[in-house]
Amino acid sequence: MSSSYRLLSWTQVARPHDDVAAGILDMGTYAANLAGVFRGRRDIAPVYTDAGKFFQATYLTVKMRELMEDVMTILTGGAGSHVLQLRTPFGGGKTHSLVALLHLVRDREASVAACPDLKELADPGSVQVAVLSGEELDPLSPMRATGIETHTLWGELAAQLGRYELVEEHDRTGAAPGGDVLRQVLGHQPTLVLLDEVLVYVEKALAIPRGESTAGRQVMLFVQALTEAISAQPQTAMVYSLQASIGEAVGSEGLLSDLDKLVTRVDAKREPVADDEVLRVVQRRLLADLGDPAVHREVARAYSQLLRKQLLASAETNSARREADVAADTLEQRILAAYPFHPDLLDLMYHRWGSLPSYQRTRGALQFLAAVVNALWRSGASSPLIGPGDIDFTDEATRGAFFSQVGERERYTSVLSSDITSTGAGAAAVDRQLGANSPMIEQLKVGTRVATAIMLYSFGARDGEDRGVLETDLVRGVLVPGLDRNVVIAALHYLREEELYLHYTGRRYRFEPTPNLTKLVRDEANKLDSHEVLTEVRTALELQLRGSRGVAVWPETPDSINDKQPLFLVAYLHPDWSEDRTPLETFIEQAGKSSPRRYRNSLALVLPDKAQFDQARHATRMRLAADSLLSQSSKYNFSPEQSEELREKASNARRDASAALGSAYSTVALPTRSRNGDAPYVLETFDLRTMLSAGRALHERVVEALSQRVFSSLTSAKLVALSGLGPERQIITCAELVDWFYSYYEFTKLWDKQAIASAITTAVATSELGYVVGLVRGTDSLTPRSPQQVRFGEQLVGEEIDLSEDAAILWCEFAQECLRPEPHPEQPEPGPHSGPDTGDVQPAPSPATPTPTPQGSSTGQTSQGSTSGDSVRVADIEAVIEKAGIFDLARALSWFRDQQGTVRVELRIHAEGDFDRVSFRNGCIEPLEEATPNLDVRTE
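Here is the structure:
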């Protein structure tokens, strides 16, 4: 920031004219009065009546000098147009140019002394001068300034030239004289006729009847005859002023056109002040001393470098970089020409305000800027230049001059107060916000600076453009060396939030007398209760999760998460959840205040991202506010455009809330089995923010994050291994099995118990398990009600699997045993001694039914153990088993599991095929990982 403070303030370099410094700011001071100067009236400021002072305060523009040169040439008998028309907008320098001509022919010596450039102009010597001012003369009121009472323009012209007797009758009757009479009135010596505001006089005269004509019609005939007479008269010239446009003719379009046509054949139109010359005109009139040119160059160079830096930062091509250099160099030259005024300030006044009917170009610029200079001079302003952001609207004279030029005083006074000048204005709030941590930024009052500039740009527009200012133009106009562009952009952002009347439409900023919808929406949003907003957020979240099974939304306490049925649940915690207040372990371990959670292996917790939830809350609040305002359209009298904008705001807010909710959860926490056994479980977390979210719903990403830990399917081998079936436990109910999966961390986590049913169908089909529906429960026993109903080695349909307490899975050998037919005892045949006399004879005992011998056991040993004293103390077994023998291998390994002693299995598996990677992981690798940490897997 230091560079802006090293540059000297313009108040330390330049000095205003005394009248500006003294605060003499009425319009008369800056509006030349031709008739008053001609008459030498005492109420006219000396800067206009005194030739020397006038030219000292006048910047001689190129066109003004050309005008004076042409007129002097004609008056000395040279060639050229005798009748010249000055046609510029109000305040464009017309009257000022006429006064300059008047002083030059009346007091050439004082004029040349004050402006040496005039010395080169031809000197006609003594010149008779006549001044006819439409603002001074009144067709209903006689004039007596010459000592002769006159009633018409021609009577006044003749009286001023000393030849009234030639038109006395015409003046009395109101009939315009002809060309011959007017040539006599003009005479044969150098004569200059100056007409100002002709249209004003003609408008007045049109209302006065003159026989079958009107006084106005006679005036038009007089002007036509006068232009023709002067065009033919040597050493005679006439210069007159006319409004530049139909709009400025205040409804007299036809009259303006007629006046223009009357003189089109003989006049030459001039515009005294070109665009860039306004800079010099204002500079010369308002400032008595511009100070050290070296300071001017330093300031111009600093602003130029600042602009170059800003433009080069966004330039992507060599052409853009060249344009940046040209723009910066041009700004430097224009600042040198306009110092201490920033060219952008004068440009907006000339090109934008110039389109306003109330604005008077050069005259208006002088009056407004005189008030600006006076206020800043008195306050000791610290800025190097006076730019769009440096205007002090807290100064009453500045505000008055501003509204005099742009109009709209009644509609915009409250706007200015509300958003810029009052202590509670939005701009002041932005000043404090941006300057909170930087005294230098605070001193610059960036919020007020930017808002002030926008106010100036809110009136008028360049041709073909809408009102208001683009961000690029605004930044250029308010930057000062040391003020970073990013700070200005930040100020714009905050102003859009704070200002009541600031509008942003079509990428343009401007103030309007109607409140902007952003402010109204924000105020309406502040009325909403936090609980109401949070309820809407929850509704929107539930809508996003609609159709997702096993979801719990915002459980306040552990008992809010269902623990009554085996189902994998994903609990989305409350936005205000806190680990300190409710640890995650509480949700996992408890189902109520005094009851532990049963289904611990079926719960995942999704943790909120507070920043994203804040965005969701804010967007939801904005949407509710916009909807509320739309329901009150009649109260606020919204225009169709405003209603459409509100609907767009509501739509955008709804979209923003949805996007924020989609990212409102950052982490999934899942309890899993502890590998080292020092705790029942560990919390494994998954970061949702690292996952692609485009086009995918929140719950879809949660499911994907858990896809390596929670599965939709279960292999039959895994089911068999986890069931623990064998000689010691030959049957378990399906309900108990399901409970194990959803309760114990050693079991595979499943999204749905249907995966268990599918695994049972596979295990039954491959003869790994049996399945039965219908059970008989004893005190310590569980058996099939009908062994013949056991299903084994056959294909079942998954939907037919009953997972209730009345269904069970069976160890494969037990299933086989159940299905083995029961033997039928043989009936003894009658013996030779049998008979009714010999008594009962006992049948011979039948041979014992042989017990099935498990594959691989010796003939002297049953499946329940050895029946002899022979035993195996050490066994080393090597075998190569193909795919068909895997089931038998599982049986053999299962046998060792149930025996006393130690067993170490060294396993080498070589498999070739097209195996699904997820299935391979779930069915093979994960069981092995659970069996041993010493696992080496190589896949291709």
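With our numbering applied, the sequence shown has no gaps in its numbers, which climb one by one up to 939 at the end. We put the CB at the ideal spot given by N, CA and C, even for glycine. Owing to the predicted nature of the structure, the values given are computational and were not obtained by experimental measurement.
Decide if residue i is buried, meaning its Cβ has at least 16 other Cβ atoms within 10 Å, or exposed.
i: residue 518; result: buried
i: residue 159; result: buried
i: residue 710; result: buried
i: residue 850; result: Only weak support exists for where residue 850 lies, its pLDDT of 34 falling under 50; the coordinates are left without a value.
i: residue 707; result: exposed
i: residue 5; result: exposed
i: residue 295; result: buried
i: residue 677; result: exposed
i: residue 714; result: buried
i: residue 846; result: Since pLDDT at residue 846 reaches only 35, below the 50 mark, its modelled position is unreliable, and no value is offered.
i: residue 439; result: exposed
i: residue 321; result: exposed
i: residue 935; result: exposed
i: residue 73; result: buried
i: residue 487; result: buried
i: residue 156; result: buried
i: residue 832; result: With a pLDDT of 45 at residue 832, under the threshold of 50, the modelled position of that residue is not reliable, and no figure is offered here.
i: residue 373; result: buried
i: residue 126; result: buried
i: residue 690; result: exposed
i: residue 842; result: For residue 842, the predicted structure reports a pLDDT of 41, less than 50, and the residue's modelled location is therefore unreliable. The matter cannot be settled from this model.
Thinking C-alpha only, which one of the options is nearest residue i?
i: residue 271; options: 357, 57, 615, 513; result: 57
i: residue 401; options: 937, 817, 24; result: 24
i: residue 235; options: 224, 70, 366, 219; result: 70
i: residue 696; options: 658, 682, 679; result: 658
i: residue 907; options: 276, 465, 927; result: 927
i: residue 531; options: 616, 489, 683; result: 616
i: residue 222; options: 649, 174, 683, 93; result: 174
i: residue 679; options: 703, 704, 745, 660; result: 745
i: residue 939; options: 392, 912, 933; result: 912
i: residue 167; options: 179, 153, 178; result: 153
i: residue 101; options: 119, 86, 79, 66; result: 66
Along the chain, where does the alpha helix (DSSP H) containing residue i start, and where does it finish?
i: residue 716; result: 715-722
i: residue 69; result: 61-74
i: residue 496; result: 484-497
i: residue 698; result: 697-704
i: residue 639; result: 639-661
i: residue 200; result: 197-204
i: residue 431; result: 425-434
i: residue 531; result: 529-543
i: residue 21; result: Careful: residue 21 lies outside any alpha helix (DSSP H) and carries neither H nor E.
i: residue 403; result: 395-405
i: residue 449; result: 445-456
i: residue 312; result: 292-313
i: residue 38; result: 33-38
Counting only C-beta atoms, is residue i closer than 9 Å to chain B at any point?
i: residue 433; result: No chain B is present in this structure, which holds just one protein chain.
Between which two residues does the beta strand (DSSP E) containing residue i stretch?
i: residue 127; result: 127-132
i: residue 339; result: Taken as a continuous stretch (DSSP letters only), residue 339 belongs to no beta strand (DSSP E), as it is neither H nor E.
i: residue 607; result: 602-607
i: residue 681; result: 680-686
Per DSSP, residue i is paired with what?
i: residue 137; result: 140
i: residue 808; result: 731, 770
i: residue 15; result: 286
i: residue 160; result: Residue 160 is not bridged to any residue.
i: residue 268; result: 84
Next on the checklist: Would the stretch 123-135 count as touching the stretch 29-41 if we require 3 or more Cβ pairs under 8 Å?
Outcome noted: Yes, since at least three Cβ pairs between the stretch 123-135 and the stretch 29-41 fall closer than 8 Å, the two stretches touch.
Item to check | Given 8 Å, three or more beta-carbon pairs between the stretch 631-644 and the stretch 738-756 | outcome: No contact exists between the stretch 631-644 and the stretch 738-756.
Checklist entry - How do the stretch 353-365 and the stretch 394-408 stand: do at least 3 beta-carbon pairs fall below 8 Å, yes or no? => result Contact holds: three or more Cβ-Cβ distances are below 8 Å.
Item to check | Three CB pairs or more closer than 8 Å across the stretch 326-338 and the stretch 492-512 | outcome: Counting Cβ pairs under 8 Å, fewer than three are found: no touch.
Next on the checklist: Taking 8 Å as the cut-off, does the stretch 180-187 touch the stretch 106-118 (at least 3 CB pairs, one atom from each stretch)?
Outcome noted: In short, these stretches do not touch, since the Cβ pair count stays below three.
Checklist entry - Are the stretch 448-457 and the stretch 408-419 touching by the rule of at least three beta carbon pairs closer than 8 Å? => result They touch, by the three-pair rule.
Checklist entry - If you pair each beta-carbon of the stretch 510-524 with each one of the stretch 538-552, do three or more pairs fall below 8 Å? => result They do not touch, by the three-pair rule.
Checklist entry - Do the stretch 51-65 and the stretch 308-323 touch if we need at least three Cβ pairs shorter than 8 Å? => result Counting Cβ pairs under 8 Å, fewer than three are found: no touch.
Next on the checklist: Within 8 Å, do at least three Cβ pairs link the stretch 802-809 to the stretch 724-734?
Outcome noted: Yes: the two stretches touch, three or more of their Cβ pairs being nearer than 8 Å.
Checklist entry - Can we say the stretch 556-571 touches the stretch 601-609, given the rule of at least three CB pairs closer than 8 Å? => result Between the stretch 556-571 and the stretch 601-609 there are three or more inter-stretch CB-CB distances shorter than 8 Å, so the stretches are counted as touching.
Checklist entry - How about the stretch 42-50 and the stretch 135-152: do they share at least three Cβ pairs that are nearer than 8 Å? => result No, the stretch 42-50 is not in contact with the stretch 135-152.
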